[in-house]
Structures are given as structure tokens and as C-alpha cells.
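Data first, discussion second: the structure below is written as C-alpha cells.
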Amino acid sequence: QFQKNQQSKDSIFFRDGIRQIDFVLSYADDIKKDAELKAERRKEFEKNLRKTGLELEIEDKRDSEDGRTYFVKIHAPWEVLVTYAEVLGIKMPIKESDIPRPKQTPMSYVLGPVSLPTSVKYPHPEYFTAQFSRHRQELFLIEDQATFFPSSSRNRIVYYILSRCPFGIEDGKKRFGIERLLNSNTYSSAYPLHDGQYWKPSEPPNPTNERYILHQNWARFSYFYKEQPLDLIKNYYGEKIGIYFVFLGFYTEMLFFAAVVGLACFIYGLLSMEDNTSSTEICDPEIGGQMIMCPLCDQVCDYWRLNSTCLASKFSHLFDNESTVFFAIFMGIWVTLFLEFWKQRQARLEYEWDLVDFEEEQQQLQLRPEFEAMCKHRKLNPVTKEMEPYMPLYARIPWYFLSGATVTLWMSLVVTSMVAVIVYRLSVFATLASFMESDASLKQVKSFLTPQITTSLTGSCLNFIVILILNFFYEKISAWITKMEIPRTYQEYESSLTLKMFLFQFVNFYSSCFYVAFFKGKFVGYPGKYTYLFDEWRSEECDPGGCLIELTTQLTIIMTGKQIFGNIKEAIYPLALNWWRRRKARTNSEKLYSRWEQDHDLESFGPLGLFYEYLET
Numbered sequence: 122q123f124q125k126n127q128q129s130k131d132s133i134f135f136r137d138g139i140r141q142i143d144f145v146l147s148y149a150d151d152i153k154k155d156a157e158l159k160a161e162r163r164k165e166f167e168k169n170l171r172k173t174g175l176e177l178e179i180e181d182k183r184d185s186e187d188g189r190t191y192f193v194k195i196h197a198p199w200e201v202l203v204t205y206a207e208v209l210g211i212k213m214p215i216k217e218s219d220i221p222r223p224k225q226t227p228m229s230y231v232l233g234p235v236s237l238p239t240s241v242k243y244p245h246p247e248y249f250t251a252q253f254s255r256h257r258q259e260l261f262l263i264e265d266q267a268t269f270f271p272s273s274s275r276n277r278i279v280y281y282i283l284s285r286c287p288f289g290i291e292d293g294k295k296r297f298g299i300e301r302l303l304n305s306n307t308y309s310s311a312y313p314l315h316d317g318q319y320w321k322p323s324e325p326p327n328p329t330n331e332r333y334i335l336h337q338n339w340a341r342f343s344y345f346y347k348e349q350p351l352d353l354i355k356n357y358y359g360e361k362i363g364i365y366f367v368f369l370g371f372y373t374e375m376l377f378f379a380a381v382v383g384l385a386c387f388i389y390g391l392l393s394m395e396d397n398t399s400s401t402e403i404c405d406p407e408i409g410g411q412m413i414m415c416p417l418c419d420q421v422c423d424y425w426r427l428n429s430t431c432l433a434s435k436f437s438h439l440f441d442n443e444s445t446v447f448f449a450i451f452m453g454i455w456v457t458l459f460l461e462f463w464k465q466r467q468a469r470l471e472y473e474w475d476l477v478d479f480e481e482e483q484q485q486l487q488l489r490p491e492f493e494a495m496c497k498h499r500k501l502n503p504v505t506k507e508m509e510p511y512m513p514l515y516a517r518i519p520w521y522f523l524s525g526a527t528v529t530l531w532m533s534l535v536v537t538s539m540v541a542v543i544v545y546r547l548s549v550f551a552t553l554a555s556f557m558e559s560d561a562s563l564k565q566v567k568s569f570l571t572p573q574i575t576t577s578l579t580g581s582c583l584n585f586i587v588i589l590i591l592n593f594f595y596e597k598i599s600a601w602i603t604k605m606e607i608p609r610t611y612q613e614y615e616s617s618l619t620l621k622m623f624l625f626q627f628v629n630f631y632s633s634c635f636y637v638a639f640f641k642g643k644f645v646g647y648p649g650k651y652t653y654l655f656d657e658w659r660s661e662e663c664d665p666g667g668c669l670i671e672l673t674t675q676l677t678i679i680m681t682g683k684q685i686f687g688n689i690k691e692a693i694y695p696l697a698l699n700w701w702r703r704r705k706a707r708t709n710s711e712k713l714y715s716r717w718e719q720d721h722d723l724e725s726f727g728p729l730g731l732f733y734e735y736l737e738t
């Protein structure tokens with residue numbers, strides 16, 4: 122009790138102040154009928170964790186800020202770390218690198234305002250590394266066992282154990298893994314700890330607070346123009362998160378050139394909008410004003426003059442002009458250069474971060490616990506000469522068929538929803554056309570807000586809402602179907618899920634755009650013999666200036682809406698939620714709010730968080 126009272130609530134150590142907390146499990150009092158079963162599972166799970174060598178320390182609910190949550194703190198001692206570091210093939214330093222860092226160049230001084238301090242850009246010395254072997258520990262640079270393995274490696278080792286630790290036999294089957302316990306709400310969360318507060322440095326005996334350094338030099342909006350401290354990101358969050366931010370930074374840099382050329386083409390269209398021949402002739406009362414056009418719908422629509430679409434033709438010229446052809450050619454070249462330069466950046470990153478064979482080591486050699494649990498067969502690996510779990514093809518075929526049928530069904534739903542939106546547009550267009558013709562007060566409005574434009578805007582917004590709804594449900598179904606396929610490795614799991622999500626999202630987001638670009642207005646017919654949808658609605662026609670303005674509207678609403686929704690979901694909502702959960706942290710953090718409680722209240726990133734970040738990019 123004395124140690125509890127003396128220890129800082131911001132500490133990341135056990136009560137003895139020596140053993141570092143590598144992972145935390147939490148659970149709350151449960152009064153439901155299955156509370157006893159959950160307690161038995163936790164007891165068995167924690168007993169088996171101790172058998173693997175992990176050390177546990179439990180914080181009673183009376184010591185928590187809410188008075189109802191228990192926290193199980195986990196520490197991996199040296200013997201556990203060296204054993205599993207060898208199993209996982211973690212690379213550790215054997216010698217400090219004698220290769221000099223890049224020297225300052227004249228360009229470095231020009232880029233000074235966007236550069237980071239050297240201590241932030243290169244926070245640690247560079248080393249030559251090798252896969253760790255506990256039988257050759259003398260070859261590695263082990264100055265202090267407590268700090269030899271970085272936090273990211275310690276967290277990875279503990280999670281590897283947690284994901285494979287059994288907690289009992291139920292229904293004649295061996296049950297194991299922290300994910301299953303989280304899904305059944307036996308534990309409410311499982312997470313590693315941050316180094317400390319992001320707004321202040323750590324105090325001894327806590328290690329250097331890299332979270333604070335990252336916040337001061339990177340994770341702030343006012344530093345958007347600065348280069349990223351990629352080495353520090355990799356050291357703190359691990360290689361996978363580091364690679365994502367390398368790609369994101371590279372992608373943003375390359376988009377700058379595409380944005381400049383696109384803006385130049387837009388400005389050209391803006392400057393030439395009043396002078397282009399097509400718009401001039403359409404707007405001319407002596408030319409477009411004398412052309413009587415056929416009604417755009419039956420019964421309620423009237424004849425109209427071509428110059429009534431004057432404003433729409435000018436807007437169309439903004440995006441459909443001579444420079445558009447140049448921009449299309451430029452983007453074709455840009456994509457090719459992007460891929461080639463990214464390959465170079467990848468090769469350089471493999472060397473700098475020692476990531477050669479990283480994918481194989483991280484993914485292919487690590488079987489998913491779910492795969493090991495479901496497999497009843499074993500076969501000899503011809504390379505390692507060890508017996509490995511094996512799932513015969515005949516056991517997977519039914520799930521592959523179900524997976525393919527599910528994706529096909531949902532893609533059909535997208536096409537069906539697109540047809541429904543087309544029907545909506547046709548009916549709304551006829552209604553608006555009739556309403557605007559009969560109401561004299563709307564004559565002025567009709568000059569810039571035609572039935573075509575109004576229908577296009579409302580139809581695009583409706584289509585975007587349908588896209589979000591379908592995407593929400595499909596994400597959950599695709600994850601479940603992929604899990605049922607029982608992929609062997611994490612790489613196979615992500616590859617299968619990526620294929621499903623890419624196929625569906627491509628059809629979901631862009632089917633309406635393909636319709637406008639390639640099909641709308643192509644099968645209208647001619648006066649006296651128009652084509653009809655379901656023998657009831659006359660086929661849509663493009664504006665006299667073309668369908669590109671409508672395509673631009675559709676893309677703008679979808680892309681802008683997608684970004685706004687994504688930013689609300691990924692930035693504003695978690696920020697507001699974290700603030701609400703941690704509203705007591707700043708005022709009383711040292712007395713009431715412990716380090717593990719503060720991190721417990723953070724929004725979970727989820728096992729597929731990085732996958733969806735890549736998918737959005």
C-alpha cells in the first residue's frame with residue numbers, strides 16, 4: 122500500500138518502480154448471468170499467461186478513477202523477451218553503423234524552414250542488425266537489458282503471447298486468444314501504454330517521452346509544412362505505421378505537381394470561358410436564341426430555346442476545354458512516374474530501416490491463431506522440416522463460393538441502387554420542368570438553376586448517401602466472410618479483404634460516374650421514337666454542352682463528401698470522444714488519473730485501422 126501511495130499516477134512501471142508495463146488488460150464488474158463464466162475465463166487466462174513467464178500485477182477497482190474497472194498490468198521479463206524475439210525473428214543491433222549520414226548541401230539551407238532539428242530527424246544512432254538469437258547474446262549490443270528491446274518490440278512480443286494463450290476448453294474445443302476474450306466482453310480492452318503525456322516531458326524514472334517529442338515536432342496542425350520525423354515515428358509506433366506515413370508523405374508530395382497542373386488547366390478554362398466558340402454561339406440571341414429544342418420529357422415539358430443553357434455551357438467549358446486533353450496526358454505520365462519513384466523510395470527505405478524480407482518475416486512466417494485453432498490436419502514443411510497446420514482445399518471451397526456470391530450480390534445491389542437513383546432523377550426532372558414552366562416567378566431562377574442542374578445536384582447527393590450506407594454494411598460483411606475463409610497468414614487475410622473491398626468500393630463509388638460518362642445520353646433515340654426505361658420514363662439526355670459538367674458535379678460531391686465524412690469519422694469524432702473521456706486528466710492527472718486509465722479512455726485504432734487508412738488513400 123505504501124508503494125501505491127508513493128508511485129506517480131503517470132508511471133509506466135509496476136509498483137516496485139523497476140518492471141516496465143508492456144501491456145494492459147481491463148475489465149469491469151459484470152452483473153449479468155454469464156459473469157461467473159467470464160471470471161473463470163479470466164482466471165484461467167491469467168494463470169496461463171504466468172506459465173509462459175509473463176508477470177502480472179492487478180489494480181483493484183477501488184483504485185480506479187471510476188471505481189468499477191480492474192486493470193491487469195503485464196510485464197515481459199528478459200527471458201520471455203529473448204525467447205520470443207528469436208521466435209519472431211526480430212532484428213536487433215550488433216554494431217553501430219560507420220556509414221556517415223547525408224551531408225548538408227546548398228539545397229538543405231533553402232529547405233531550412235521545413236527541416237527538423239537533427240536530434241529529432243535522427244533520434245538514435247544507426248546500427249547494423251541481425252535476427253536475434255538467445256544463444257548468441259554476446260554478439261548483440263546489450264548495454265542494459267531493460268532498454269535493449271524498444272517498446273514497440275516488447276509490445277509485439279506480449280501481444281503475440283496474448284493472441285495464442287489458451288483460456289479453457291468449451292464445447293469440446295480448445296479456446297484461446299485475447300481477441301476472442303475481447304469479442305465476448307470478458308475483457309473490455311487490451312492495449313500498450315504511451316510513454317507519457319503528449320503535452321509535457323516525462324519525469325524520472327520514466328524513459329524519454331518520444332510521444333511528447335512527436336507532438337511538439339509533428340502531430341500539430343501548425344507543423345503541416347514540416348518534414349516528418351520518420352525515424353522517430355518508426356521507433357515509437359513500429360515499422361508498419363512508419364511505412365504508412367512514408368507512403369502518405371510521398372503521395373502528398375507527388376500530388377502537389379498534379380494539383381499545380383490541374384489548377385493551371387482550370388485557370389485557363391476560367392480565363393477563356395467568355396471567348397470560347399461553343400458558349401458564344403449558344404448564348405448569342407441570334408444563334409442559340411433562335412434554335413427551338415424539342416421537349417426533354419413527355420406531356421409536362423415544353424419546347425425551349427438553346428440559349429437557356431448559356432450558363433451551363435460556360436460552366437462546362439471550365440472542365441472541358443483544350444487544356445483538358447493536356448491534363449489527361451500529363452496524369453498518364455504522372456501515374457507512371459509515381460509508381461517508379463515509389464519503387465525507388467521503397468528500395469531506399471528497405472536499406473535505411475533494414476526491412477529486407479520484412480513482409481515475409483512479419484506476415485508469411487506468422488500463422489494466424491484462428492487458422493491454427495481450426496486446422497485438424499498437419500503436414501511436413503519441406504523447408505523447415507517441421508509439422509505445420511494444414512487446411513485442405515475441399516474444406517475451403519464452400520467458403521470461397523460463399524465469398525464470391527456475397528461480393529457479386531452486393532455489387533448487384535450497387536447497380537440496382539444506381540438504377541433507382543436514375544428513376545428518381547427522371548421523375549424529379551419531369552416534376553421540376555413542369556413546375557418551373559407553370560410558375561412565372563421562377564423564370565429568373567431558371568436561367569442559372571435549370572431542372573437539369575437541380576436534378577444533377579440532388580441526385581448526386583442521394584447517390585452519395587446510398588454509397589455510404591452500402592459501404593457501412595459491406596465492410597462488416599466482408600470482414601466476416603474473410604474470417605470464415607480461414608486465411609493461413611495475416612498477409613493472406615489482408616490480401617483477401619483488400620480484393621473484396623477494392624472490387625466493391627470501385628463499383629460503389631464510381632458506377633454512377635461511369636454511367637454519366639459513357640452511357641447517359643447515348644441511347645435517347647430521336648423525336649417520334651424515344652427510348653424508355655421500363656416503358657415508362659424517357660431516357661435521360663445530356664446538356665447541350667455535354668455531360669462533363671454533370672460528371673464533374675457527381676465527382677465533386679462524392680470526393681468532397683467522402684473526405685468530409687472521413688475526417689469527421691477519423692479526426693473530429695475521436696478527438697471529441699477522447700476529450701470527453703479524459704476531461705479530468707489535465708486537472709487531476711497526478712492524483713486520480715493513472716497512466717493506464719488515461720490510455721484506456723483513448724479511442725481504439727482497431728486491428729484493421731491501418732488497412733482502412735490505406736484503402737482511403
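122 is the number of the first residue of the sequence shown in the numbering used here; add one for each residue after it.
Using N, Cα and C, we set each Cβ at its ideal position, and we do this for glycine too.
Everything numeric in this text was worked out from a predicted model, so none of it was measured.
Residue i and residue j look like a contact to me (Cβ under 8 Å); what is the Cβ gap, rounded to whole Å?
| i | j | result |
| --- | --- | --- |
| LEU283 | ALA311 | 7 Å |
| VAL145 | VAL193 | 7 Å |
| PRO214 | TYR248 | 3 Å |
| GLU718 | LEU698 | So it is not a contact: roughly 15 Å between Cβ atoms. |
| VAL542 | LEU583 | 6 Å |
| THR430 | GLY646 | Not really, about 20 Å apart at Cβ, beyond 8 Å. |
Considering only the alpha carbon of each residue, which of the options lies closest to residue i?
| i | options | result |
| --- | --- | --- |
| TYR733 | GLN626, LEU672, TYR636 | GLN626 |
| ASN428 | MET412, LEU417, GLU443, LEU439 | MET412 |
| SER240 | MET375, ASN169, LEU353 | LEU353 |
| PRO572 | VAL421, LYS182, ASP396, GLU180 | VAL421 |
| SER254 | TYR281, SER444, VAL235, VAL208 | VAL208 |
| VAL535 | PHE492, TYR511, CYS634 | CYS634 |
| SER323 | TRP455, ASN306, ASP155, SER132 | SER132 |
| GLN141 | GLY727, GLY188, VAL279, ASN304 | VAL279 |
| SER129 | GLN318, TRP463, PHE639 | GLN318 |
| ASP664 | SER538, THR576, GLY363, ALA340 | THR576 |
| ILE299 | ARG469, ILE220, VAL446, LEU170 | LEU170 |
If you draw a straight line from the alpha carbon of residue i to that of residue j, how long is it in whole angstroms?
| i | j | result |
| --- | --- | --- |
| ILE693 | GLU217 | 43 Å |
| MET394 | LEU669 | 15 Å |
| SER644 | SER533 | The sequence shown places Phe at residue 644, rather than the Ser named in the question. Near 22 Å, if we compare the C-alpha coordinates of SER533 and PHE644. |
| GLU180 | LEU260 | 39 Å |
| THR190 | ALA160 | 14 Å |
| PHE522 | MET605 | 12 Å |
| LEU488 | MET495 | 12 Å |
| TRP601 | SER444 | 47 Å |
| THR610 | CYS286 | 18 Å |
| MET414 | ASP405 | 15 Å |
| LYS294 | ARG499 | 17 Å |
| THR652 | THR552 | 19 Å |
| TYR614 | PHE297 | 19 Å |
| GLY642 | ILE574 | 15 Å |
| TRP520 | ASN306 | 27 Å |
| TRP700 | PHE655 | 53 Å |
| HIS336 | GLN349 | 11 Å |
| SER710 | ILE685 | Confidence in SER710 is poor, its pLDDT being 49 and thus under 50, which makes the residue's placement too unreliable to answer from. |
Considering only residues of the same chain and omitting the five flanking positions on each side of residue i, which have a CB-CB separation below 7 Å?
| i | result |
| --- | --- |
| PRO198 | GLY174, GLU176 |
| PHE451 | VAL382 |
| SER617 | THR603, GLU606, PRO608 |
| GLU178 | PHE135, ARG136, LYS194 |
| VAL237 | The sequence shown places Leu at residue 237, rather than the Val named in the question. The residues are ASN338, LYS347, GLU348, PRO350. |
Are residue i and residue j close, meaning C-beta to C-beta below 7 Å?
| i | j | result |
| --- | --- | --- |
| GLY390 | LEU439 | yes |
| TRP658 | LEU547 | yes |
| PHE288 | PHE166 | yes |
| ILE263 | PHE269 | yes |
| VAL637 | LEU672 | yes |
| CYS386 | PHE459 | no |
| GLU737 | GLY687 | yes |
| HIS721 | SER147 | yes |
Whose C-beta lies closer than 8 Å to the C-beta of residue i among residues of the same chain, with five residues either side of it excluded?
| i | result |
| --- | --- |
| ARG466 | VAL367, PHE371 |
| PHE345 | none |
| LEU578 | THR674, ILE678 |
| GLU331 | PRO244, ASP316, LEU353, ASN356, TYR357 |
Looking at residue i and the ligand FAD, is the gap between the Cβ and the nearest heavy atom below 6 Å?
| i | result |
| --- | --- |
| ALA526 | What this structure holds is no ligand at all, so the ligand FAD is not there to describe. |
Leaving out five residues on either side along the sequence, give the residues of the same chain with a beta carbon under 6 Å from the beta carbon of residue i.
| i | result |
| --- | --- |
| ASN442 | GLY390 |
| LYS621 | VAL528, SER599 |
Step through the CB atoms of chain D and report whether any lies within less than 7 Å of the CB of residue i.
| i | result |
| --- | --- |
| SER660 | Of the protein chains in this structure there is only one, and it is not chain D. |
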